[in-house]
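Residue numbers (the numbering used here): 55 to 165.
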């Protein structure tokens, strides 16, 4: 496995429960800014036996990338909701559930 691919997988694995990240944010965290499509490609090629929270990765708009109504779409919605992530019309508010959301609250305890 290429080092860049390993970094992408590590960035995806590091998304904590109840949070989501965009393909672009994962690429940037892996040191590959502008390579959001690579992240999507690699999610489709996860090596056998590797468990990743794939369902926590969304489009930059907060939308689920899978076709609405598909089995994968329904599974992603269910998994996100199980973790307490609010999904409305196939979209998650990144301002509330994104990796960097509520930074002031996390740092300073502000509401």
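Glycine included, every Cβ here is placed at the ideal spot set by N, Cα and C.
Nothing here was measured: the structure is a model prediction, and the numbers come from that model.
Discussion item. So for residue 165, helix, strand or coil by DSSP?
Written reply: Counting from 1 along the chain shown, the entry for residue 165 is found at position 111. Summary for residue 165: the model assigns pLDDT 47, below 50, so the residue's position carries little reliability; its value from the coordinates is reported in the next sentence. Coil.
Worksheet item: What whole-angstrom Cβ distance do residue 58 and residue 86 have, given they're in contact under 8 angstroms?
Response: The sequence position of residue 58 within the chain shown is 4, counting from 1. The sequence position of residue 86 within the chain shown is 32, counting from 1. Between residue 86 and residue 58 the Cβ distance is about 6 angstroms, and since that is below 8 angstroms, they are a contact.
Worksheet item: Who are the Cβ neighbours of residue 83 in its own chain at under 7 angstroms, not counting the five residues just before and after it?
Response: Within the chain shown, the letter at position 29 stands for residue 83. So the qualifying residues of the chain are 65.
Discussion item. Which residue marks the beginning of the alpha helix (DSSP H) containing residue 80, and which one marks its end?
Written reply: Walking along the chain shown from the start, residue 80 turns up at place 26. 77-83 is the span of the alpha helix (DSSP H), which, as asked, contains residue 80.
Worksheet entry | Counted within 10 angstroms of its Cβ, other Cβ atoms place residue 110 as buried (16 or more) or exposed | Within the chain shown, numbered from 1, the residue matching residue 110 stands at position 56. So residue 110 ends up on the buried side.
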